[in-house]
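These notes concern the structure reproduced below.
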Ligand code: NI
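As structure tokens, this is what we get:
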């Protein structure tokens, strides 16, 4: 059993509260987009550096890896990774906060400022007890969670999970509208894969009153949108979640003109990798078939996005139990799975681990707006809680984790 208690970790985090708020506000007021997180990265490096944690930079362009070798580590002792994502979104902030974005058109509307802060907070707590750590902790501050190909995949390609090899990984994401500091877990597939669909249908434009002289891409597009809906409604096990949404359709200019082409865009979400691949073939067949019938030509691009996020059941139970120990049963909830996507899934393809939700605060707690909303805010009381929880999970894993 660990010598240190979860209360020690909470107390250590509370002592750093002011610093955590300072870091979060600095990041919040200076949001940087995917793969451009230069100042965020510099701040992460300097915090880790001050703590005496060895840092590797230039990983995935702006990513930072901190390596904290414990004083009680032995040959073959475990290595656990904690992840914080750093990028902001192309949204114009409307919170009116005194520390709102100073970069027009850019905003931390997905809480990644707090994720980075909490990962650094965990580093502060764990570096304080480094002599007692029976293993290694890696801090992965990654770029570009929001934009393909996903910073996580590039971090992995650049060796973030190697040297020493990571045995387990943990990450967290703020959950809007959930009570501040409540923590939600789900074992298994918690989030979906997300692929982007880009289709251009090319016909031959002409006068709308003489359709026999044209090849109409609009009627083809209408038929195709309907046809694509059959992929999910008729070809997937009703007990298996999948979504195909056509979210954009663009073509035409006036009531009396048949246009040359129509563009269609959408997203395919799935929880099952095998079905996901077969859906790609069905999409291609559907596009090919409908266009052939209508005499149109097409371009189809299926841009591969993140895989489904699969939380390891053991690691999830372990983190959930850690949260209960630290915050009490009333603060822990079972999170429902959802069809959003998250590039943390890439790490979980390589090593076991889990990704949990931390409540960002309810409306009553002053938190308005959902994720990716210009009014999105978090309750800052979660900063020490999320820091302490990450640190406690990592410490407990090194002390008593699975062999
Ligand atoms: Ni996010």
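In the numbering used here, the protein residues as written are 125 to 527.
We put the CB at the ideal spot given by N, CA and C, even for glycine.
Bear in mind the structure is a predicted one, so any value in this text is a computation, not a measurement.
>> Nearer than 6 Å: is that true of the beta carbon of residue 203 relative to any heavy atom of ligand 1?
In response: no
>> Measuring only the C-alpha atoms, how far is residue 451 from residue 247?
In response: 20 Å
> For residue 346, is the beta carbon positioned less than 6 Å from some heavy atom of ligand 1?
Replying inline: no
> Taking the C-alpha atoms as reference points, what is the distance between residue 137 and residue 216?
Replying inline: 32 Å
> Taking just the CA atoms, how far does residue 426 sit from residue 282?
Replying inline: 26 Å
> What residues come near ligand 1, if near means a beta carbon less than 7 Å from any of its heavy atoms?
Replying inline: 209, 234, 235, 236, 269, 270, 297, 466, 495
>> What does the alpha-carbon distance come out to for the pair residue 150 and residue 344?
In response: 51 Å
>> Going residue by residue through the segment 288 to 353, where are the continuous beta strand (DSSP E) segments of at least 3 residues, counting only ones entirely within it?
In response: 292 to 300, 307 to 309, 312 to 315, 317 to 326
> For residue 272, which residues of its own chain have a beta-carbon under 7 Å away from its beta-carbon, when the five flanking residues on both sides are left out?
Replying inline: 427, 429
> Taking the beta strand (DSSP E) that residue 274 falls in, what are its first and last residues?
Replying inline: Note, residue 274: premise wrong, no beta strand (DSSP E); not H, not E.
> Applying the criterion that 16 or more other CB atoms from any shown protein chain within 10 Å of the CB defines a buried residue, is residue 420 buried or exposed?
Replying inline: buried
>> Am I right that residue 266 and residue 210 are in contact with their C-beta atoms under 8 Å? What's the rounded C-beta distance?
In response: 7 Å
> What is the residue span of the beta strand (DSSP E) that residue 387 lies within?
Replying inline: 385 to 394
>> Quick check on residue 371: does DSSP put it in helix, strand or coil?
In response: strand
> Under the three-state reduction of DSSP, which class applies to residue 360: helix, strand or coil?
Replying inline: coil
> With distances taken from CA atoms, which of 353, 252, 219, 506 is nearest residue 481?
Replying inline: 506
> If you run the structure through DSSP and keep just helix, strand and coil, what is residue 427?
Replying inline: strand
>> Closest to residue 503 by C-alpha separation, out of 513, 514, 487, would be which residue?
In response: 487
> Taking buried to mean at least 16 other C-beta atoms within 10 Å of its own C-beta, is residue 363 buried or exposed?
Replying inline: exposed
> When you compare each of 176, 164, 195 to residue 187 by their alpha carbons, which one comes out closest?
Replying inline: 164
>> Excluding the 5 residues flanking residue 360 on each side, which residues of the same chain have their C-beta closer than 7 Å to its C-beta?
In response: 366, 399
> From 447, 462, 467, pick the residue whose C-alpha is nearest to that of residue 511; which is it?
Replying inline: 447
>> Between residue 153 and residue 263, how many whole angstroms is the CB-CB distance? I'm expecting something under 8 Å.
In response: In fact, because the Cβ distance is near 23 Å, the residues do not count as touching under 8 Å.
> Of the choices 478, 193, 167, whose alpha-carbon is the least far from that of residue 459?
Replying inline: 478
>> Could you compute how far the alpha carbon of residue 206 sits from the alpha carbon of residue 324?
In response: 42 Å
> Can you list, in chain order, the residues of its chain whose CB lies under 8 Å from that of residue 177, leaving out five sequence neighbours each side?
Replying inline: 190, 191, 192, 247, 251, 263
> Between residue 142 and the rest of its own chain, which residues show a CB-CB distance below 7 Å, the 5 nearest in sequence each way excluded?
Replying inline: none
> So residue 280 packs on residue 474, CB below 8 Å; how close in whole Å?
Replying inline: 6 Å
>> Within a Cβ cutoff of 8 Å, which residues of the same chain sit near residue 456, ignoring the five residues on either side of it in sequence?
In response: 306, 307, 308, 309, 444, 447, 448
> Between which two residues does the alpha helix (DSSP H) carrying residue 444 extend?
Replying inline: 437 to 451
> Ends of the beta strand (DSSP E) at residue 417?
Replying inline: From DSSP, residue 417 is part of no beta strand (DSSP E) but of the alpha helix (DSSP H) over 397 to 418.
> Would a C-beta distance cut-off of 7 Å place residue 465 and residue 318 closer than the cut-off?
Replying inline: yes
> Taking residue 128 as the reference, which of 435, 255, 351, 290 has the closest Cα?
Replying inline: 255
>> Short of 7 Å in beta carbon distance, which residues of its chain neighbour residue 169, apart from the five on each side in sequence? Order them along the chain.
In response: 179, 181, 188
> Can you tell me whether residue 378 is buried or exposed, with buried defined as 16 or more other CB within 10 angstroms of its CB?
Replying inline: exposed
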